[in-house]
Each structure stands twice: as C-alpha cells, then as structure tokens.
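Order-wise, the sequence lines are chains A, B, C and D.
Mapped onto our numbering, the consecutive letters of the first sequence carry residue numbers 11 to 339.
Mapped onto our numbering, the consecutive letters of the second sequence carry residue numbers 11 to 339.
Mapped onto our numbering, the consecutive letters of the third sequence carry residue numbers 11 to 339.
Mapped onto our numbering, the consecutive letters of the fourth sequence carry residue numbers 11 to 339.
There are 4 protein chains.
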Amino acid sequence: MIIVMKKNATEKEIQHVAKRIEEMGLKPHLSRGVERTVIGAIGDERLLKEDQIKAIASVDSVLPIMKPYKLVSREFKKEDTIIKVGDVEIGGKNIVVIAGPCAVESREQIIETAKAVKKAGAKLLRGGAFKPRTSPYSFQGLAEAKKATGLPIVTEVMDTRDVAAVEKYSDILQVGARNMQNFELLKEVGKSRKPVLLKRGLSATLKEFLMSAEYIMSEGNHNVILCERGIRTFCEYSRNTLDLNVVPAIKKLSHLPILVDPSHGTGKLDLVAPMSKAAIACGADGLIIEVHPNPEKAISDGDQSLKPKEFADLMRELKPIARAVGRSI
Amino acid sequence: MIIVMKKNATEKEIQHVAKRIEEMGLKPHLSRGVERTVIGAIGDERLLKEDQIKAIASVDSVLPIMKPYKLVSREFKKEDTIIKVGDVEIGGKNIVVIAGPCAVESREQIIETAKAVKKAGAKLLRGGAFKPRTSPYSFQGLAEAKKATGLPIVTEVMDTRDVAAVEKYSDILQVGARNMQNFELLKEVGKSRKPVLLKRGLSATLKEFLMSAEYIMSEGNHNVILCERGIRTFCEYSRNTLDLNVVPAIKKLSHLPILVDPSHGTGKLDLVAPMSKAAIACGADGLIIEVHPNPEKAISDGDQSLKPKEFADLMRELKPIARAVGRSI
Amino acid sequence: MIIVMKKNATEKEIQHVAKRIEEMGLKPHLSRGVERTVIGAIGDERLLKEDQIKAIASVDSVLPIMKPYKLVSREFKKEDTIIKVGDVEIGGKNIVVIAGPCAVESREQIIETAKAVKKAGAKLLRGGAFKPRTSPYSFQGLAEAKKATGLPIVTEVMDTRDVAAVEKYSDILQVGARNMQNFELLKEVGKSRKPVLLKRGLSATLKEFLMSAEYIMSEGNHNVILCERGIRTFCEYSRNTLDLNVVPAIKKLSHLPILVDPSHGTGKLDLVAPMSKAAIACGADGLIIEVHPNPEKAISDGDQSLKPKEFADLMRELKPIARAVGRSI
Amino acid sequence: MIIVMKKNATEKEIQHVAKRIEEMGLKPHLSRGVERTVIGAIGDERLLKEDQIKAIASVDSVLPIMKPYKLVSREFKKEDTIIKVGDVEIGGKNIVVIAGPCAVESREQIIETAKAVKKAGAKLLRGGAFKPRTSPYSFQGLAEAKKATGLPIVTEVMDTRDVAAVEKYSDILQVGARNMQNFELLKEVGKSRKPVLLKRGLSATLKEFLMSAEYIMSEGNHNVILCERGIRTFCEYSRNTLDLNVVPAIKKLSHLPILVDPSHGTGKLDLVAPMSKAAIACGADGLIIEVHPNPEKAISDGDQSLKPKEFADLMRELKPIARAVGRSI
C-alpha cells in the first residue's frame with residue numbers, strides 16, 4: 011500500500027504514520043519527493059487497515075497495490091477452473107448453454123421447454139427461484155423436467171433458510187444480482203458442496219464481483235461460476251447495459267468460468283441473439299438464455315424470452331462463432 | 011397503460027392487443043394517429059402484465075401511467091407520517107439526528123460515544139449490525155449504552171434468521187443498502203412491529219426505492235423510514251455521490267420520513283458537515299452520522315467518522331439551518 | 011404525444027391542455043380513465059413543444075411516441091446506407107478496418123504504420139486531429155503516407171474554422187466524442203460533401219447519438235458513419251465501458267453504418283482483440299484500431315495501441331468471425 | 011508517480027522502467043516489496059508520460075500522485091478568488107444570483123424579466139446563447155434590458171468564430187456543458203479578458219472539470235467561474251442529478267468560485283427551490299436560475315422555469331439560509 015502524505019505534512023506527522031504501519035505489522039519505506047513524501051508499506055497488505063490510515067489528518071490519500079482477493083485470482087491458480095455438473099463441464103473447451111423459462115408456471119410448460127432446449131443443444135435447465143417455505147411444491151415440475159430430459163437444474167436461492175432445501179434438489183445454486191452482496195447468503199452457499207452461479211450486481215465493480223466470489227470460496231466452496239447480467243447505466247434503450255468488457259477482464263484476473271446472461275443483461279428480445287454471439291466471440295464460457303413456449307403469456311420476462319424455435323435458430327448460429335474462437339458448442 | 015403499436019401494425023394485430031387487454035380485465039381505448047395506433051388500457055393498471063404486452067410482436071412500446079406503488083404514496087396518505095420511537099418523533103417538525111460508530115468495538119467505546127452524541131443533541135444511537143448467531147454477545151455494549159443514556163438504538167439486521175433476535179433488543183431495524191432488494195428480508199421486517207430504517211441501494215432508482223418500502227408496508231408494517239446514503243456514479247472524488255435530489259422528490263411523492271446519511275453517502279470526512287447542512291436545507295427529516303472517539307483506530311469507516319468534538323460543532327451549525335427552513339433540532 | 015393529466019385535474023384544466031394542443035396544430039384525443047385523464051395529441055408530433063406542455067401545472071407527465079429523428083431512421087430509409095470512400099465501401103458486406111496511430115509524430119512513424127496496417131488488411135488510415143491553424147504542416151506526413159499506400163485518410167476536425175482546410179486533405183472528417191454535441195461543428199461538417207465519422211459522446215444516449223447524426227444530415231450531408239467508442243460508467247477496470255449493445259440497436263433503428271473503436275472504448279490493450287471480435291459478432295460494420303510501431307514512445311495513448319505485429323495477428327483472427335456472421339474482411 | 015511492476019517482473023524489466031523514468035527527467039526510487047517492486051518517480055510528475063509507462067509490458071499499473079492541474083488549485087493560490095463584474099463580486103461574502111430566461115424571445119419578454127429579477131435581488135441577467143452569425147440582432151433585447159436595469163449580462167458562446175462578437179457585448183462569457191471539453195473554444199475564451207462561466211459537462215469528473223478551467227487559465231484568463239449543472243446518472247425522476255458534493259470538494263481543491271444551476275441541474279420545477287437552498291447551505295457562491303414570465307409559452311425549458319413571483323419568493327427564503335452559513339444575499 012502506498013500512503014501519500016499531504017504537501018505540508020511535518021516530520022512528526024510522517025513518523026506517526028510510519029509508526030502506525032509498523033504497529034500493523036508492515037515495514038514503512040519512505041520516499042521523499044519534491045512536493046511530498048510518499049510512504050510504502052511493505053509486507054502483507056491485508057494486515058493494513060486502509061480506513062484507519064486514511065483517518066489520519068496528515069494523510070492525503072492511500073493507494074492499494076495488492077488485489078484484495080486471493081483465491082479467485084489467476085495468480086493463485088494458473089489453470090482455468092473447470093466445474094463438473096454430471097457430464098457437463100463448465101469452463102472447458104465446450105461452450106455451455108443454460109436455458110429455460112424465468113419461472114416455472116406449470117408441469118407442461120417446463121417439460122415442454124426442457125425438451126425443446128435440450129434438443130437445440132442446451133446442457134442445463136434454468137427454472138427461476140425455488141422458495142421451499144412459501145411454495146414447497148413449486149419445484150416438482152422442474153424435477154420432472156429433469157427426469158424427462160436428464161438436464162441438470164439451476165435454481166436461484168434467495169434466503170439463507172432455504173439453502174439446505176434448494177441444495178437437495180438443485181444441481182447448481184444461483185445467487186441473484188440483487189443478492190450479490192447479501193453476505194449471509196454468500197456464507198451459506200459457501201458451505202454447500204454444490205456449484206454456485208454468482209450473478210454480478212447491477213452496480214458492482216469488477217473488484218466487488220470477484221470479492222463476492224472470494225467470500226464464497228473462503229467458506230470452502232471453490233466451485234463458483236461467475237455470470238455477467240447487465241449493469242445499470244444512463245442508457246435508455248435497453249433495460250440494462252450488458253457489459254461484455256468484463257469477460258476478457260475476468261479471464262485475465264481469475265481462473266473461474268464466466269457466463270453471460272443476454273436475456274436479463276439487455277431485457278430486450280432483439281438484442282439477445284447478437285449479444286450472445288458477441289459474448290462467445292470475446293471469450294465467455296457459456297450463456298444463460300430465457301426460453302418460453304409462449305412469451306405473450308409468460309408470468310414474467312415475456313418481453314425478453316425467446317421462443318423454442320428462435321432458440322434453436324440461435325444455437326445453430328452460435329456454432330461457427332464458437333469454432334472461430336477455437337471452441338465448440 | 012398506453013400501448014404504442016408498430017407503424018405497420020395490421021388491423022388484426024391491433025385487435026389482438028385489444029383482446030389481450032380485455033382478457034386482463036381492462037378496457038382498450040383506440041386512438042388512431044397519423045403514423046400509428048395507440049391503445050389506452052383503462053382500468054386498474056396493476057392487472058396488466060406489462061411484460062406480456064411487450065412480448066407481442068406488433069407492439070412497439072408500453073408506457074405505464076400509474077405509479078407501481080400505492081401505500082407509500084402521497085396520494086394514498088396526504089399527511090406526513092410521523093414515527094414514534096419512545097419520546098422521539100421522526101418525520102415531524104424536529105430534525106432527528108442518529109449518531110454513533112460504524113461498529114461496536116468495546117463497552118467503553120460505545121458508552122463514551124453514546125454519552126458524547128447525546129450531549130451534543132443526537133436523539134438515537136446507531137451501532138452497526140447485530141449478528142446474534144455469530145457473535146451473540148456483541149449487542150451487550152449497545153444495550154448498556156442505551157441504559158446509560160436513554161437513547162433508543164438503531165441496529166442493522168442482515169439475515170432473515172436474525173430478525174426476531176434483533177427486534178427484541180433494537181428500537182429500529184435497519185435494512186442496509188446492499189439488502190434493499192433482498193425481498194425475503196424485507197418480508198420479515200415487514201412482519202415486525204418495530205420501525206424499519208430502509209437504506210437506498212447504490213443503484214436504486216427512486217421508483218425501486220419506494221417499491222421496496224411498499225413491499226415492507228404491504229406486509230403490515232407501516233413504520234418505514236427512508237434513508238438516502240449515496241449512489242454509484244462515475245465520480246472519482248468521493249466514495250459515493252450523495253443524491254440530495256431525492257429528498258424533495260420523496261417529500262412530494264410519499265408521506266414517509268426521509269433521512270440522509272452523509273457519512274456513507276460521501277465516504278469523505280470533509281464532506282460530512284457541508285452535506286449535512288444541505289440535507290436539512292432541502293427538507294430532510296434527519297441525519298445519520300458516524301461518530302467515533304478515535305477514528306484512527308476504528309475497526310471500519312474511520313476515514314468518514316467525526317470525532318465527538320467535530321460532531322458537537324456540526325450540531326451547533328445545523329441549528330440556524332433548521333430554523334431557516336422552519337424546523338428545530 | 012401522450013399527455014397524462016394530474017389525478018385531480020379539473021375539467022377546465024383538461025380543456026386548457028386540449029386547446030393548447032389545437033393551437034400547436036394537432037388534434038387532442040381524450041381518454042378518461044378510472045384514475046386520470048390521458049390526452050393523445052394526434053398529428054405531427056414535431057409541432058408539439060414538449061417543454062411548454064410540461065410547464066402547465068395540471069399536467070403530470072408527457073410521453074413522446076414518435077422518434078425525434080427522421081432522416082437517420084430505418085423507417086425513413088429501409089436499405090442499409092453504404093458509404094463509398096474511393097474503392098472502399100463502409101456499411102456493405104465487407105467489414106472495414108481503419109487503423110493508425112493516435113497522433114502523427116513523424117514522417118517515418120506514419121509511413122511505416124500505414125504500410126504495416128495496409129499489409130495486414132486495413133482499408134483506411136487514421137491519424138489523429140489536423141489543426142491547420144496551430145500546426146499547418148502536421149498533415150504532410152499523413153498525406154505522404156496516403157500517397158505511399160493509397161489508403162484514404164480519416165482525420166478529426168475540432169474547430170469550425172478548420173473544416174474547409176481539413177476537408178481539402180482528408181477523405182473522412184471525424185467528429186470526436188467530446189464534440190458530439192458541438193452543434194456549430196456538426197452544422198459545418200453537415201455542409202461538407204465528405205463523409206463524416208461521428209463518435210458517440212461519453213454519456214450520450216442512443217437517442218442523442220442519432221439526433222446528432224440527424225443534425226448533420228439535415229444540413230445536407232447524408233454520408234454519416236456512426237462510431238461507438240465507450241461510455242462512462244462506474245467501472246474501474248477499463249478506462250471506458252465499450253457498449254456493444256448499441257450496435258444491434260442502431261442496426262434496427264437506423265440505416266447508417268456503425269463502427270466500433272475498441273482502443274478508446276476500453277483504453278486497455280488486453281481488451282482490444284476480444285472486444286474487436288465481439289463487435290463484429292454482434293453486427294458492427296467495421297473497427298477503428300490504434301496501431302503504433304513503438305507504443306512505449308507514443309505521444310499519446312501508447313497504453314492502448316497495438317504493435318503492427320499484434321494488429322496483423324488480430325486481423326487474421328477476425329476473418330473466421332466475419333465469416334461466421336456472413337461477412338468478409 | 012508510482013509505478014507498480016507486475017508480480018513476475020524481472021530485474022532487467024525493472025531496470026528498463028527505471029531508465030525510462032530517468033530519460034523523462036525524473037529520478038526512480040525502487041521499493042522492493044514482498045510480492046512486487048514499486049517504483050516511485052521523483053521530480054516533476056508533469057514530465058512523465060503516463061501512457062508511455064503503462065505501455066511497457068512489465069508494468070502492472072501507474073498511480074499518479076500529483077494533481078494534473080496547477081493554476082486552479084488551492085495549493086497554488088490560498089485565498090478565494092473574487093471576480094468583479096461591474097459592482098458585483100462573485101466568490102466573496104455575498105451570494106450572487108444570476109437569473110433570466112433560457113432564450114431571449116422578444117424585447118418585452120427580456121425587459122420584463124430583467125426588471126422582475128432585479129427587483130427580487132438578482133445581480134446578473136442571463137439570456138441564453140448569442141449567435142452573431144446566424145441571428146445578429148438577437149442580442150439587442152438583452153442589451154436593452156441591461157440598459158434598462160443596469161444588470162450585467164451572461165451569454166453563452168458556442169463557436170470559436172463568435173468569441174470576439176460575444177465578448178464585445180456580454181459581461182460574462184458562458185461555456186456550456188456540452189462544450190466543456192471543446193478545447194478550441196476554451197482556448198479562445200482563455201484569450202479573452204472577460205470572465206468565463208464554465209459549466210460542468212454531464213459526465214465530467216471533478217478532475218476533468220478543473221482541468222478545463224486550468225486550460226482556460228493557462229491561456230492567461232484567470233477569471234474563471236465554475237458552475238455545477240447536473241450530471242448524468244441512472245436516475246429517472248429528474249432530468250439530471252444535481253451533484254452538490256462537488257461544491258465543498260471544489261472549495262477545498264480550488265480557489266475559484268463555484269455556482270450551482272438548479273434549473274438545468276434537475277430539469278424539474280419542484281426541485282429548483284429546495285436544491286437552491288441546499289446549494290447555499292453547502293457553500294456555493296451563487297446560483298443561476300431560469301425565470302420566464304410565461305413558462306407555458308417559453309421557447310424552451312418552460313418546464314423548469316420559475317415565474318417572477320416564484321423567483322421572488324425563493325429569493326426571500328434564501329436569505330436566512332445564507333445568514334446561517336455566515337453570508338448574505
């Protein structure tokens with residue numbers, strides 16, 4: 011960590027900061043410039059309380075050098091993490107597509123959708139959130155669809171009290187964007203042995219996103235799958251701004267797989283197909299796409315759901331893109 | 011709701027939309043313009059599934075007219091809501107200041123702070139989050155400080171499983187910015203009889219903020235106190251951008267009290283005092299301010315905490331501002 | 011345009027609004043709902059002064075229905091606009107890549123770069139801004155590079171007083187992001203017969219971006235090439251957030267060609283190649299890429315410039331992506 | 011400047027960076043940490059080309075320490091700058107209010123408005139932009155209003171070619187938000203002897219805002235008045251988000267006066283009065299407010315213009331706020 015002193019800092023004030031750094035277990039290293047003194051804190055930066063240093067009146071600013079996360083970082087683990095769910099590998103050479111409706115509405119709806127997306131090439135089935143306390147049977151349709159198609163299931167968990175129940179039935183636990191910094195929930199899924207699909211919060215920086223993944227991993231669950239799903243900007247055309255820049259950025263900073271959700275990420279049907287192609291072109295490990303047999307009558311998100319036929323067309327169009335970047339789908 | 015048809019929509023497509031509106035229990039009202047047909051849906055807009063209408067291919071866009079919230083709205087309740095916590099009234103003529111440290115570090119720290127902020131004019135004591143399952147005794151210091159000073163207590167609750175325990179000891183339940191859309195938590199505090207202090211999420215629009223309050227109120231708890239605490243923008247100078255525009259906006263749209271947290275809202279010590287004054291000048295019902303006896307050694311947020319002496323000075327400077335807008339402090 | 015009246019608007023107030031609409035040359039169409047009256051203004055929406063209607067106290071809100079632009083819209087012109095610059099066609103089946111340094115530093119630098127990018131497949135040469143009044147000879151290097159390679163030239167014009175001079179030497183006039191709403195400059199390039207490359211402002215909405223293009227076109231110059239170059243968000247990792255969502259959005263709304271500038275759009279060398287691929291995958295008509303023979307010694311933007319060898323590698327990798335979306339490069 | 015090397019940087023790479031720093035005229039100062047080497051560049055940071063250093067492959071990141079501006083900084087000039095326009099002082103103990111319509115529509119409109127705002131306490135008259143080439147006589151009304159009331163005039167200049175003409179008639183030259191980084195225009199007004207009112211761009215950081223002021227000052231014109239007028243965020247309620255945080259921030263970083271424009275800053279009539287009060291409470295030196303005798307018929311911005319009576323009421327309400335912060339109005 012680099013501590014920049016104020017221009018008029020006295021020798022006594024400089025020594026005070028140096029002493030505080032030592033008290034925290036690091037070694038101060040002074041660099042007296044033309045205009046101001048800069049103090050490097052050498053050692054494990056995690057020992058240094060940034061807020062406390064900033065609270066010293068003679069300190070102008072504090073510049074962290076080390077990344078605040080460790081387990082998620084590419085420096086900690088060089089090779090790409092590949093997460094296995096049954097026969098499916100997420101993060102490997104194959105692009106994995108997760109598809110399904112925003113919410114399970116009926117046994118027929120989910121089974122019909124599951125069969126259609128499987129036929130088109132999807133490898134996992136998404137089916138909204140499972141709320142075992144409020145609607146304990148809502149999960150049955152999804153379970154039957156899994157039985158009928160063999161597709162593993164991704165379900166969102168929204169409450170610490172539900173983790174055990176959801177974990178029992180679901181193959182991947184999803185943490186939604188609105189809960190990305192619900193630390194109690196992160197802790198619970200961190201204790202699970204099921205893979206966790208962590209969606210980026212609407213205004214989460216890349217650092218915060220990775221820190222939330224770190225939080226899960228530090229509880230012992232290293233099977234974290236990241237997912238970009240749109241950020242909040244001033245843009246008025248689409249519901250959110252799908253931020254594909256994080257895909258290559260995460261590939262550089264982290265070994266974890268990164269998926270892209272163009273359905274929520276844009277909230278706009280017309281953008282789902284082109285942004286799916288772009289996601290794969292820039293290195294995403296997979297996609298999550300909303301598919302509904304009858305979007306006009308969907309309980310929610312009908313305006314961003316593909317019909318099974320549109321989904322099948324898209325899957326076909328994605329193949330040459332995947333090949334162009336040395337992957338398959 | 012106004013449904014704008016695409017320019018080339020056929021008569022059959024227009025009739026299809028009209029029929030869907032009727033199926034949802036509203037009355038369609040066609041308006042054939044020069045370039046396109048616009049359909050008004052007359053009746054209770056809440057019956058209309060916007061996503062489903064948008065999913066119809068011949069529909070260009072959908073413009074909601076009614077506000078999506080009801081209980082929080084000024085139209086539902088004309089007079090300002092005043093929330094009583096012991097002798098303290100929040101939302102009335104008096105400006106209420108809540109003060110205290112970010113976290114309870116020791117019995118001495120919290121009691122010393124409580125006495126100091128009470129003497130300076132604070133009416134409630136804040137003391138971070140209470141996590142009864144992980145540190146069951148952490149609340150004791152806060153309870154003693156309450157006993158010593160008589161100041162009611164505001165504590166954050168972060169987990170649905172903790173609501174009952176926190177509710178038992180705390181006078182106001184705080185829902186943090188990161189949990190503003192943790193709907194399971196909102197539901198639980200909505201069932202409580204204790205007032206809820208709801209902090210605005212970092213990227214929450216005004217509508218989303220009010221919708222979260224509506225969610226709590228619809229569970230039966232009408233004692234909701236709103237709190238602006240900074241939004242995320244491109245600004246690099248302060249940690250967040252304190253958005254005071256919402257203060258007069260909320261006063262117009264809602265009857266609920268609105269507080270401002272300039273400590274988290276700016277994350278910058280120098281900005282706390284001027285932005286506190288600005289908050290009161292534009293109509294806030296109170297402030298939440300971080301105070302720590304020794305910010306250099308605070309466990310967290312030392313860089314934005316006032317010392318007791320600075321807090322007392324600020325309280326003095328706020329008095330003429332409050333008077334200037336016809337209030338007292 | 012749809013005018014939503016306030017809930018308690020009187021009959022007299024409703025009639026006042028209706029009369030104002032008539033005065034502006036449109037026909038009012040009343041729709042009396044359960045909660046409020048909504049007034050449609052039928053006719054040419056461009057005649058209606060939105061600000062004036064909003065200024066009426068009994069009006070709650072005003073919802074425009076027609077798009078504010080016309081010439082740029084896909085509704086005005088169905089087929090894609092193809093802009094010819096010498097032999098090069100922008101907006102056609104071929105993906106066009108514009109490459110070159112951020113600034114012309116020397117005769118050698120620009121000629122060397124021009125030869126390298128031409129060999130790799132670039133079709134036009136970019137060379138920063140030409141400021142004829144402050145450095146009248148700075149353009150010479152670029153002119154020689156054009157002569158040596160045959161590559162047409164793209165140059166930024168920054169001052170209304172320079173348009174005539176830049177137009178004389180340059181094949182495409184570039185308007186930079188910081189001048190996207192410099193209306194006097196837009197007017198001048200609108201009078202030119204040379205194609206204009208219009209870069210999106212850092213916080214321009216899609217509507218504002220298209221409105222600036224409309225402004226140029228309404229002066230008579232229909233050869234406008236749009237260019238996405240990154241928006242300003244809270245993101246800390248890259249300098250800007252390249253917003254590829256606008257590519258398919260513009261393709262839908264407008265007939266104009268849209269290019270992408272991944273160099274400025276990300277400001278990050280590592281992101282240039284993957285985001286270039288993504289841009290083409292989602293439908294961009296071309297790219298603008300910074301190339302410098304020795305980025306470590308570039309006058310500016312060295313940190314986002316590719317070396318000629320890296321550029322050649324990227325061009326090779328783009329080919330299969332272009333093919334995958336039915337285009338060539 | 012602090013250069014952070016990549017974790018695996020070799021000794022040779024470290025020496026290369028050190029050499030480059032020396033070549034640029036500064037002294038490298040190495041600090042070998044546990045994980046990585048950090049190099050301080052001691053000397054005049056302005057000599058260091060940040061982009062070039064970043065372009066070196068072994069460099070992880072570059073952290074500037076010195077502020078990029080000088081003339082605008084509080085360190086360069088301790089005392090507040092007071093700018094005199096006739097008898098009016100901007101930046102002193104008195105709060106200065108500039109008022110008037112968005113555009114001059116007629117001789118009567120502007121004279122009537124000028125008289126009304128003068129009576130209410132405004133010290134300067136605003137009157138939109140003056141475009142001498144397109145409407146050479148449009149300025150006459152404003153000139154007459156000045157003659158009739160004695161109020162000095164603020165006019166926007168939008169084209170480098172107009173600076174001389176506008177300067178001749180106007181007392182303060184305004185540079186609009188959309189031109190904040192129109193560097194050619196900044197250069198021209200920098201050569202003028204008339205004070206310049208510089209409006210913050212919609213997505214300008216504080217640093218960029220001050221850099222634009224620096225640009226003007228470095229041309230010789232030290233009479234720069236800053237003006238906050240709202241930034242672009244995700245907020246949907248008001249047109250822009252008035253960012254009052256910059257008021258105390260600028261007071262700390264710079265000696266220049268800072269005004270606030272709540273009319274454009276919010277774009278919402280209801281917010282003008284409360285945000286005006288807040289602006290003064292947090293330290294602004296003045297306000298710019300749109301006033302129109304008949305907003306319903308204003309050529310533009312009618313929806314955010316106060317009527318003369320509302321303006322007079324506001325001026326009365328501002329007095330006790332000004333007094334509360336030790337100033338007058």
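The beta-carbon is built from N, C-alpha and C at its ideal position, and this holds for glycine as well.
Taking the C-alpha atoms as reference points, what is the distance between residue i and residue j?
{"i": "isoleucine 92 of chain B", "j": "proline 267 of chain B", "result": "7 Å"}
{"i": "aspartate 90 of chain C", "j": "leucine 281 of chain B", "result": "52 Å"}
{"i": "leucine 254 of chain D", "j": "threonine 243 of chain D", "result": "14 Å"}
{"i": "arginine 30 of chain D", "j": "isoleucine 75 of chain A", "result": "21 Å"}
{"i": "alanine 334 of chain D", "j": "aspartate 295 of chain D", "result": "14 Å"}
{"i": "arginine 210 of chain A", "j": "leucine 135 of chain C", "result": "39 Å"}
{"i": "proline 5 of chain B", "j": "cysteine 292 of chain B", "result": "As displayed, chain B neither begins before 11 nor continues past 339, which places residue 5 of chain B out of reach and without an answer."}
{"i": "valine 69 of chain B", "j": "isoleucine 331 of chain B", "result": "52 Å"}
{"i": "aspartate 313 of chain D", "j": "glycine 137 of chain D", "result": "17 Å"}
{"i": "tyrosine 225 of chain C", "j": "valine 173 of chain B", "result": "58 Å"}
{"i": "threonine 20 of chain A", "j": "lysine 125 of chain C", "result": "57 Å"}
{"i": "serine 145 of chain B", "j": "glutamate 166 of chain B", "result": "14 Å"}
{"i": "lysine 59 of chain B", "j": "glycine 35 of chain B", "result": "11 Å"}
{"i": "cysteine 245 of chain A", "j": "threonine 251 of chain A", "result": "7 Å"}
{"i": "isoleucine 235 of chain A", "j": "valine 206 of chain A", "result": "6 Å"}
{"i": "lysine 261 of chain A", "j": "lysine 319 of chain C", "result": "23 Å"}
{"i": "valine 285 of chain B", "j": "serine 213 of chain D", "result": "Valine is not the amino acid found at residue 285 of chain B; the sequence shown has methionine there. Their Cα atoms are separated by approximately 21 Å."}
{"i": "isoleucine 24 of chain B", "j": "leucine 195 of chain A", "result": "46 Å"}
{"i": "valine 199 of chain C", "j": "serine 180 of chain C", "result": "12 Å"}
{"i": "isoleucine 121 of chain B", "j": "leucine 328 of chain B", "result": "24 Å"}
{"i": "glutamine 62 of chain D", "j": "isoleucine 298 of chain C", "result": "21 Å"}
{"i": "lysine 217 of chain A", "j": "lysine 317 of chain C", "result": "29 Å"}
Would residue i be called buried (16 or more neighbouring beta carbons within 10 Å of its own) or exposed?
{"i": "asparagine 231 of chain A", "result": "buried"}
{"i": "threonine 276 of chain B", "result": "buried"}
{"i": "lysine 37 of chain C", "result": "exposed"}
{"i": "valine 48 of chain D", "result": "buried"}
{"i": "tyrosine 1 of chain B", "result": "Outside the displayed range of chain B (11 to 339) lies residue 1 of chain B, so it cannot be described from this structure."}
{"i": "serine 71 of chain A", "result": "exposed"}
{"i": "arginine 239 of chain B", "result": "buried"}
If I'm right that residue i touches residue j with Cβ under 8 Å, what's the distance once you round it to whole angstroms?
{"i": "leucine 221 of chain C", "j": "asparagine 189 of chain C", "result": "In the sequence under discussion, the amino acid at residue 221 of chain C is methionine, which differs from the leucine named in the question. Between asparagine 189 of chain C and methionine 221 of chain C the Cβ distance is about 14 Å, and since that is not below 8 Å, they are no contact."}
Examine the ligand HEM and report whether any of its heavy atoms sits within less than 8 Å of the Cβ of residue i.
{"i": "proline 38 of chain A", "result": "Looking for the ligand HEM in the displayed structure turns up nothing, as the structure carries no ligands at all."}
Within the stretch 91-152 of chain D, ranges of the beta strand (DSSP E) (whole runs, at least 3 residues): 93-95, 98-100, 106-110 and 134-139
Give me the subset of the stretch 68-89 of chain A whose CB atoms are less than 7 Å from a CB atom of chain D, sorted by chain position. Leu73, Ile75, Met76 and Glu85
Using a Cβ cut-off of 8 Å, which residues of the stretch 230-258 of chain A contact any Cβ in chain C, in chain order? Ile241, Thr243, Phe244, Cys245, Glu246, Tyr247, Ser248, Thr251, Leu252, Asp253, Leu254, Asn255, Val256, Val257 and Pro258
Ranges of the beta strand (DSSP E) found wholly within the stretch 185-222 of chain D, counting only runs of at least 3: 206-209
Let me know the alpha helix (DSSP H) ranges lying completely inside the stretch 24-97 of chain A, each 4 residues or longer, listed in chain order. 60-64
Taking a Cβ distance cut-off of 9 Å, strictly less, list which residues of the stretch 49-62 of chain A are near chain D, in chain order. Gly50, Ala51, Ile52, Gly53, Asp54 and Glu55
Those runs of the beta strand (DSSP E) which lie wholly inside the stretch 242-303 of chain B and span at least 3 residues: 268-270 and 296-300
Taking beta-carbon pairs under 7 Å, can you tell me which members of the stretch 270-282 of chain C lie near chain A? Thr276, Asp280 and Leu281
Between the stretch 154-183 of chain B and chain C, which residues of the former have a C-beta closer than 7 Å to a C-beta of the latter? none
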